[in-house]
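Quick notes on the structure that follows.
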Amino acid sequence: MAYVIAEPCIGTKDTACVDACPVDCIHPKKDEDGHGDADQLFIDPVECIDCGACVPACPVSAIFAADDLPEKWAHFSEKNSAHFGR
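Per our numbering: the sequence shown = residues 152 to 237.
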């Protein structure tokens, strides 16, 4: 069960979660191509080790375990996967 970044991240893209992630699965980082164009950050569902370190680091409470993702934001699961071509 991977974690998913949902709607509250849009327009915010605070990278505290990137710093908290021990496996470097949240992108695009500030220094990566596409950061300026992306409307939010994304968690790679294959690389995510389900540790949850990113959840308390997010200042806008945008990160959810896939099983706990609110129904109104269910499409963000696909959006996160699609960002990585999965």
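Where is the CB? At the ideal position from N, CA and C, for every residue including glycine.
- A straight line joining the alpha-carbon of K180 with that of C168 spans about 10 Å.
- Put simply, of K230, D184, I161, L192 the residue whose alpha carbon is nearest the alpha carbon of C176 is L192.
- Judged by DSSP secondary structure, A233 falls within the alpha helix (DSSP H) whose first and last residues are 226-234.
- Look at A189 here: in three-state DSSP terms it is coil, with no helix or strand label.
- Exposed is the label assigned to K223, since fewer than 16 other Cβ atoms lie within 10 Å of its Cβ.
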